[in-house]
Every structure is written in C-alpha cells, then in structure tokens.
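Q:
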Amino acid sequence: MANMEYGGGLQFVKRCLTSLSDCDAICFKTCREFAGLVTPGPPNSRLEEKWEKWLGGFEPRTVIFCALGSEYVLTKQQLQQLLLGFERTGLPFFAALKSPTGVESIESALPEGFEERVKGKGVVSGSWVQQPIILKHPAVGCFVTHCGSGSITRRY
C-alpha cells in the first residue's frame, strides 16, 4: 500500500510524510472538546429532499452507504464489481463515487442492465452528497469507506 499511487500520482507514504513535515500543527479528533479546541458540531443543514425521500423509503439500518472520498478513483472494472456486489446483497444501497478515469460519466460506466435491475433499491451518484447527514439517517446501517480521515471522523 505504501508504494501505491493516489490522486495526483503521489505515493501514499510520500503524501503522509509531506503532510506531517510541512504542517504547523497536527490534531486528531478524539472527543468534542480537546484542550480548549472545539471540533465541528453536527451538521446544521437538512438532507436534500430527493435523498431524504429515497432513504425514508427503507427500514432502519438496512441501507448500505458507500463513499470512497474525493481523491480515490476506481477503474471501470472495479466500479462495476463493487456495484454488482452491492446488487447481489439484495439490500438497498447508495453509492457516492467519482467517475472512473477515462469515462465520461458514472452512468456510462455502470454494468449493462444495472439501472433497471436496481431501480428503486440502488442509487449511484457521481455528484457530491451530504455524507455526514446521510450517515446520521436512520435507514443507513452499513458504511463502506476508503477509511480516509474525513470519512472516519464523519462517521462518529
């Protein structure tokens, strides 16, 4: 993993080391208040109506929510395999993913016949979504993430 390239062709290890050596301060969120430093509170906006309506159609803790961050880009094959895996679970899912490299839109990268098969039960969005608010929705029961620091702290 250390030698894998991530967004911008930069190796993961190099990105971490550069971030640590070039910063003036490092802070890890472990609680709401930390030596006088206050971390952001819960989001104060409302979930977009289309997502509220869609998520509201499912029982509590039944939706798989997948967000792989803004810099992690899957290949077309990886995207298709991930989505086919979600489809095979038989559970409702919401995948917020970037379009694969070399593909015009996320819709053009979907497996053949996928949209028809998952209609009403699966959503794939190539746009920014309100991740912190979605994660707090009662319908969300599973979070698939790339484990970036932003996604991990938003989960709690």
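Quick note, our numbering runs 3 ahead of the 1-based positions in the sequence shown. The beta-carbon is built from N, C-alpha and C at its ideal position, and this holds for glycine as well. Here the structure is a predicted model, which is why all the values come from computation and not from measurement.
Count the other CB atoms, across all protein chains shown, that sit within 10 Å of the CB of GLY59; report buried if there are 16 or more and exposed otherwise.
A: Translated into positions along the sequence shown, residue 59 becomes position 56. Counting Cβ neighbours within 10 Å, GLY59 comes out exposed, since fewer than 16 surround it.
Q: Check each candidate in PRO63, THR92, ARG64 and LYS101 and name the one with the smallest Cα separation from LYS79.
A: What you label residue 79 is simply residue 76 of the sequence shown in a count that begins at 1. The shortest Cα separation from LYS79 among PRO63, THR92, ARG64 and LYS101 belongs to LYS101.
Q: Determine the burial state of LEU77: buried for a count of at least 16 other Cβ atoms within 10 Å of its Cβ, exposed for fewer.
A: Reading the sequence shown from its first residue, position 74 is the one you call residue 77. Buried, by the Cβ-count rule.
Q: Could you please give me the residues that DSSP links to PHE89 through a beta bridge?
A: On the sequence shown, position 86 is the one that residue 89 refers to. None, per the DSSP bridge assignment.
Q: With a threshold of 8 Å, are at least 3 pairs of Cβ atoms found where one atom belongs to the segment 122–134 and the other to the segment 50–59?
A: Contact between the segment 122–134 and the segment 50–59 is present, because at least three Cβ pairs lie under 8 Å.
Q: Taking VAL132 as the reference, give the member of THR65, GLU62, SER73 and ARG64 with the closest Cα.
A: As a first step, residue 132 is located in the sequence shown; it is residue number 129 there, counting from the start. If we check each option's Cα against that of VAL132, SER73 comes out closest.
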